[in-house]
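> For the sequence shown, the positions run 961 to 1432 when our numbering is used.
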Amino acid sequence: MDRFFESVCLEIRERGLFSPRQRILIAASGGVDSMVLVECLSRILPARRCAFALAHFNHRLRGQAGDADERLVRRTARRLGVAFFRGDGDVRALAQSRGVSIEMAAREMRQSFLSRVAKAEGFRCVAAAHHADDQAELFLMRACRGAGGEGLAGMGYSDPFPGARGLRIARPLLGRGKSEIRAWATEQGIEFREDASNERLDCRRNHIRHEILPRLRKEWGEGVADAIRRSMDIVGGDARFVEAQARVWIDGDSNADWSELDLAVQRHATRCQLADLGVEATFDLVESLRVSPGKPIAVSKSGKNRSGIVIRDDQGRVGWWTPPSVSAWPDVFLEVDLSGESGRVSLGKKELRWETRLKCPLGWPSRRSAGVEVFDGSQVGARVVLRRWRPGDRYRPLGLGGTAKLQDLFINTKVPRADRETRWVACLASGDIFWVEGLRPGEDVKVTLQTRRWLVWSMVDTSGRTVSPADQ
């Protein structure tokens, strides 16, 4: 008996991954995992009268090696007599333009390609070759980022496909380890390609894969990945229960007041409401909303998530916030979440815009003349406060040996008294001012040779004319 193949068949059957006569799009990179998945499904799906096709995305990162991957998948589709769909994209250019990692840009382009093909060709399910070791790696990565229960639960055997309504992603190999998959590929004589980039340790996932997990196996035994998966199942089950309780409260089917809810339910209720708004629910954002009713918080755009200003009322309801009038702005202390990729906040007749980049912005520092400031994002941090200038404020602009009274700086730069009341300042978590509208940027957050995360920041009026920084 072929134990590996039988276990995959059992997983598909018991978890109901594929319905009879369903159309399945198999994502195939050409690597050992995806080619084993193709081989398994090519034997299983015809008996269920399921039509399937292969889809391959060329990331244009590996030159001729990447082209050879594509040829292998195309050749396999021809041998099986099924349709082949291919796509490609300049992942490196997208990563640079968006200021994100190569891995993030590649995942976004690949998912977009698969969802487009599925929609155009009538596929309701995408089959992917994620396996048990991927789960363990994901758990460790998310644990290091401080993820909650729903994040630590990891991938499911069947989940909604990201950003594609009505499309699902199935993972038949999720219960099988990498060593099992590779051994079966060798036993069956399955042709596959090796991706040399998977060996590079400058990628965090590869560092976990090749250094951290092997060390854990050496210290704790080969069953460490299974132990991690059990923890993921337990944590995921608990998280789903708490989320269900939170949904009962959100839907108004609970008589409990916000203050009576358990801490875990409060957090999940806040997180669920943010998700309903299309906002990325980071831990800091959830906690700020949970403990501080009535405090407006500007949130960043990340991927397909929205940006804007959110607020929680005394009853625990989270929604978008707009000041009742421009006159309300002087009293506002606006917390700004910079953890995402970009964001913008409407401030009466002005708009603050920002974005974070992992590459030095093209054309900087000449872009200052166009009204764009660039800071060291790591020095600024993930959360800042935006407020109006107040008498007594002190500030250290670029090039100044120490702090000075902001009022004196306004006088020295000939800022009219009436204009000072409308100037915005941005403060670090420590309370120190790092930016003043119309003045030079802060000395303590300037870009240096050691900068690895750039924060691009500008203030424009509603007509599009840049109003900060001043040309001085």
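All C-beta atoms in this analysis are idealised placements derived from N, C-alpha and C, irrespective of residue type, glycine included.
1) For Ala1258, which three-state DSSP category applies?
2) Is DSSP giving Arg1316 helix, strand or coil here?
3) Taking Glu1315 as the reference, which of Trp1417, Phe1083, Arg1165 and Arg1142 has the closest Cα?
4) Could you have a look at Ser1214 and say whether DSSP puts it in helix, strand or coil?
5) Flag this pair as yes or no: are the beta carbons of Arg1347 and Asp1404 separated by less than 8 Å?
6) Is there contact here, the segment 1331-1340 with the segment 1408-1417, by at least three beta-carbon pairs under 8 Å?
7) Tell me the DSSP bridge mates of Glu1295?
8) Does the separation of the CB atoms of Phe978 and Cys1104 fall below 8 Å?
9) By the three-class DSSP mapping on this structure, what secondary structure does Trp1281 have?
10) Would Cys1320 count as contacting chain D if we go by Cβ distances under 8 Å?
11) Under 8 Å by Cβ, that's how I've got Val1051 and Arg1022 pegged, so tell me the actual separation to the nearest angstrom.
12) Going by DSSP in three states, Val1208 sits in which element: helix, strand or coil?
13) Taking the beta carbon of Gly1268 as the centre, do at least 16 other beta carbons fall within 10 Å, making it buried, or is it exposed?
14) Starting from Ser967, trace the alpha helix (DSSP H) both ways and give me its first and last residue.
15) For Arg963, count neighbouring Cβ atoms within 10 angstroms of its own Cβ and tell me buried if that reaches 16, exposed if not.
16) Can you list, in chain order, the residues of its chain whose CB lies under 7 Å from that of Gln1367, leaving out five sequence neighbours each side?
17) Sort out for me which residues DSSP pairs Tyr1355 with in a bridge.
18) Can you tell me which residues form a DSSP beta bridge with Lys1374?
19) Which residues mark the beginning and the end of the beta strand (DSSP E) in which Ala1229 is found?
20) Consult DSSP for Gly1197 and reduce its assignment to one of helix, strand or coil.
21) Cα-Cα, which of Gly1047, Asn1215 and Ala1199 is closest to Asp1027?
22) With DSSP as the reference, label Lys1309 as helix, strand or coil.
23) Within 8 Å, do at least three Cβ pairs link the segment 995-1014 to the segment 1029-1046?
24) Phe1099 lies in the alpha helix (DSSP H); which residues open and close that run?
25) Specify the secondary structure class of Ala1087 as computed by DSSP and reduced to three states.
26) Should Val1278 and Leu1234 be called a contact, given that it needs their Cβ atoms to be closer than 8 Å?
27) Along the chain, where does the beta strand (DSSP E) that runs through Phe1012 open and close?
28) Which residues in the same chain have their Cβ closer than 7 Å to the Cβ of Val1253, if we skip the five residues on either side of it in sequence?
29) Please name the residue, chosen from Ser1214, Gly1402 and Arg981, that lies closest to Ala1364 on a Cα-to-Cα basis.
30) Would you identify the three-state DSSP class for Val1407, choosing helix, strand or coil?
31) Per DSSP, which residues does Pro1120 bridge with? Please list them.
32) Put Glu1247 into one of helix, strand or coil per three-state DSSP.
33) Identify, in the order they occur along the chain, each residue of the same chain with its Cβ nearer than 6 Å to the Cβ of Gln1056, setting aside the five sequence neighbours on each side.
34) Since Val998 is in the alpha helix (DSSP H), which residue starts that stretch and which ends it?
35) Where does Ser1302 sit, in a helix, a strand or coil, going by DSSP?
36) Taking C-alpha atoms, which residue in Val1060, Phe1152, Ser1299 and Ala987 lies nearest to Ala1025?
Checking against the coordinates, here is how it stands:
1) Secondary structure of Ala1258 (DSSP, three-state): strand.
2) Looking at the sequence itself, residue 1316 is Thr, so the reference to Arg does not match. Under the three-state reduction of DSSP output, Thr1316 falls in the strand class.
3) Trp1417
4) Reduced to three states, the DSSP call for Ser1214 is coil.
5) no
6) yes
7) Ile1257 and Val1345
8) no
9) coil
10) The chain labelled as chain D is not found in the depicted structure, where only one protein chain is given.
11) Contact doesn't hold; Cβ gap of about 11 Å is too wide.
12) Val1208: helix per DSSP, three-state reduction.
13) buried
14) Arg963 to Arg975
15) exposed
16) Pro1351
17) Ala1364
18) For Lys1374, which the question treats as bridged, DSSP gives no partner whatsoever.
19) First-last for Ala1229: Leu1223 to Leu1237, but that is the alpha helix (DSSP H), not the beta strand (DSSP E).
20) helix
21) The option with the nearest alpha carbon to Asp1027 is Gly1047.
22) coil
23) yes
24) Ala1092 to Cys1104
25) strand
26) yes
27) Note, Phe1012: beta strand (DSSP E), Ala1011 to Asn1018.
28) Reading off the sequence shown, one finds Pro at residue 1253, where the question assumed Val. So the list reads Arg1272, Asp1273 and Asp1274, once near-sequence residues are dropped.
29) Gly1402
30) Under the three-state reduction of DSSP, Val1407 is assigned to coil, being neither helix nor strand.
31) Arg1128, per the DSSP bridge assignment.
32) helix
33) Closer than 6 Å at the Cβ level, and outside the excluded window around Gln1056, lie Lys1319.
34) First-last of the alpha helix (DSSP H) with Val998: Val992 to Ile1004.
35) The answer is strand: DSSP assigns Ser1302 an E or B state.
36) Phe1152
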